[in-house]
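Below: the structure, in structure tokens.
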Amino acid sequence: MPDSLRVFLDGLIDYAGLFPPADLSLPEAMQNYARYRREEHAGILARFVLPARRLPDLDDYAHLFAEDARTRRGPARPYRFSVLGAAGGDTPEAFLSSFDDDLDAIARFAERRQGRAATDVMEARLPAPLLEATPEAMTDFLAEVHRALVMAGTARLDLYYEVPLTDDTAEAVPLVAEAIAEHNAAQERPLRAEAGLKFRCGGEAASDVPAAGPLAYAIAACRDADVRFKATAGLHRPVRHRDQDRGVYRHGFLNVFAAAVFAEAQGLGPGALREVLLEENADHFRFTPDTVAWKDRSASTAAIERTREHLAASFGSCRFDEPVEALQDLGLLR
């Protein structure tokens, strides 16, 4: 595998097997995740995604955490979880009320697992009123969230706030991203929590798929503000394609993350990024030992690494085998 592709794919997929359309039971999803961690392409795998309220159910899988720590060659890698907060709510006040419960569940889980499993990411919907609020209201909200983290004594927990991507709401992304950037910059080091944004890229319904324009606009806004984003839903295949059953075009994860790389490396604006997102020809994406290329554009492996670290974190998928097999079909993986 070329170094450029290895860095591009490293920890790219958060496994969300509990969620549609897979809708697996927790035993099925956990067994899958344990197996994926041992397989050849485990480097592509990142966290296991589950609701915060289900953290106590993981006690039934403590044997997996212990077994993995004993049998893996080299330093043991703790199981890592990204939790979906009950936090969200219709108002900032409702968010903060349920956020305290989420933090309590995380703290109790950490006590029981003693380092063999870690919950270091939370995802939650940004309360809708904040999309139309003043920058000061967003700043106050982020400060309240941080105070709750400090009061709970929570270890490192990065938070990704989901913002819907429609023609209307996408216009709020730059303001939200800038408020998040200012909040992150004001924190003491080492960071207790880094905030970022989350974008839903698909779903069961055609209306769940954002147009390429708002998605490109959001990626550029995160780049401009130096704020990380993660994606979720709908990115099962590498390259944009038409879903004949739903009559809609689906985004590809190569498109989305290559767009992020070129946004970071070449400063592309929303219009040029939209063209990357609209690409349907897999042959136009190429990986060499030193670069990723799309048509006549290229970016270095160092730029890919910088993008993955500072801009484009990962994407959630209810399946892991499907995107891996699709990469094999394209000849990118063996």
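Position 188, counted from 1, in the sequence shown is what our numbering calls 1054; the numbers after and before it change by one each time, with no gaps.
C-beta: ideal position from N, C-alpha, C; glycine also.
Buried versus exposed call for residue i [16 or more other C-beta atoms within 10 Å across all chains shown]
i        : result
Ser-963  : exposed
Arg-1103 : buried
Met-1207 : Because the chain spans 867 through 1200 in this model, residue 1207 falls outside it and cannot be assessed.
Ala-1125 : buried
Ser-891  : exposed
Gly-909  : exposed
Val-1158 : buried
Asp-968  : buried
Arg-936  : Only weak support exists for where Arg-936 lies, its pLDDT of 47 falling under 50; the value from the coordinates is given anyway. Answer is exposed; the Cβ neighbour count stays below 16.
Arg-1013 : exposed
Pro-993  : buried
Met-1017 : exposed
Pro-1080 : buried
Pro-1189 : buried
Ala-1071 : exposed
Ser-1073 : exposed
CA nearest to the CA of residue i, picked from the options
i        : options                                : result
Ser-948  : Val-1093, Glu-959, His-1150, Phe-975   : Phe-975
Pro-958  : Arg-1106, Arg-1108, Tyr-1027, Asp-1109 : Tyr-1027
Pro-1030 : Asp-1024, Cys-1067, Ala-1052, Phe-1128 : Cys-1067
Lys-1096 : Ala-1168, Ala-1014, Thr-1173, Arg-1013 : Thr-1173
Leu-1120 : Asp-1149, Gly-1135, Ala-960, Ala-1131  : Asp-1149
Asn-1161 : Asp-889, Ala-1168, Glu-1175, Leu-1143  : Note that residue 1161 is Lys in the sequence shown here, rather than Asn. Of Asp-889, Ala-1168, Glu-1175, Leu-1143, the residue nearest in Cα terms is Leu-1143.
Ala-984  : Pro-944, Thr-1005, Pro-995             : Pro-944
Glu-906  : Ala-1047, Leu-924, Asp-876, Asp-889    : Asp-876
Ala-971  : Ala-932, Leu-997, Asp-923              : Asp-923
Rounded Cβ spacing between residue i and residue j (contact assumed at less than 8 Å)
i        : j        : result
Asp-869  : Arg-913  : Asp-869 to Arg-913, Cβ: 24 Å. No contact.
Pro-1040 : Ala-1003 : Their Cβ separation, rounded to whole angstroms, is 16 Å, which puts Pro-1040 and Ala-1003 out of contact at 8 Å.
Gly-1118 : Arg-1106 : 5 Å
Phe-1078 : Arg-1140 : Before going on, a small fix: residue 1078 reads as Ala here, not Phe. Ala-1078 to Arg-1140, Cβ: 5 Å. Contact.
Phe-1151 : Leu-1101 : That belief does not hold up - the Cβ atoms of Phe-1151 and Leu-1101 are roughly 14 Å apart, past 8 Å.
Same chain, Cβ closer than 7 Å to residue i, five either side skipped, listed in chain order
i        : result
Asn-1050 : Glu-1060, Ala-1061
Asp-1187 : none
Val-1093 : Ala-1043, Ile-1046, Ala-1047, Gly-1062, Leu-1063
Residues near residue i by beta carbon distance below 6 Å, same chain, minus five either side
i        : result
Pro-1155 : Pro-868, Asp-869
Ala-1178 : Phe-1123, Ala-1126
Own chain, CB closer than 8 Å to residue i, minus 5 neighbours either side, in chain order
i        : result
Pro-1001 : Leu-1041, Glu-1044, Ala-1045
Glu-1010 : Pro-958, Leu-962
Val-873  : Thr-1167, Ile-1170, Glu-1171, Arg-1174
Gln-1132 : Arg-1163, Ala-1165
Pro-887  : Glu-1070, Cys-1184
Ala-932  : Arg-982
* To do: Could you tell me which uninterrupted alpha helix (DSSP H) segments, each at least 4 residues in length, are contained entirely in the segment 1050-1084, listed from first to last along the chain?
  => None, since the segment 1050-1084 contains no complete alpha helix (DSSP H) of that length.
* Whole alpha helix (DSSP H) elements within the segment 947-1028, 4-residue minimum -> Within the segment 947-1028, the complete alpha helix (DSSP H) runs of at least 4 residues are 958-979, 1001-1018.
* Could you give the uninterrupted runs of the alpha helix (DSSP H) lying entirely in the segment 1160-1195, keeping only those of 4 residues or more? -> 1167-1176, 1187-1195, all fully within the segment 1160-1195.
* In chain order, each beta strand (DSSP E) run of at least 3 residues that lies wholly inside the segment 889-928 -> Counting only runs of 3 or more, we get 911-917.
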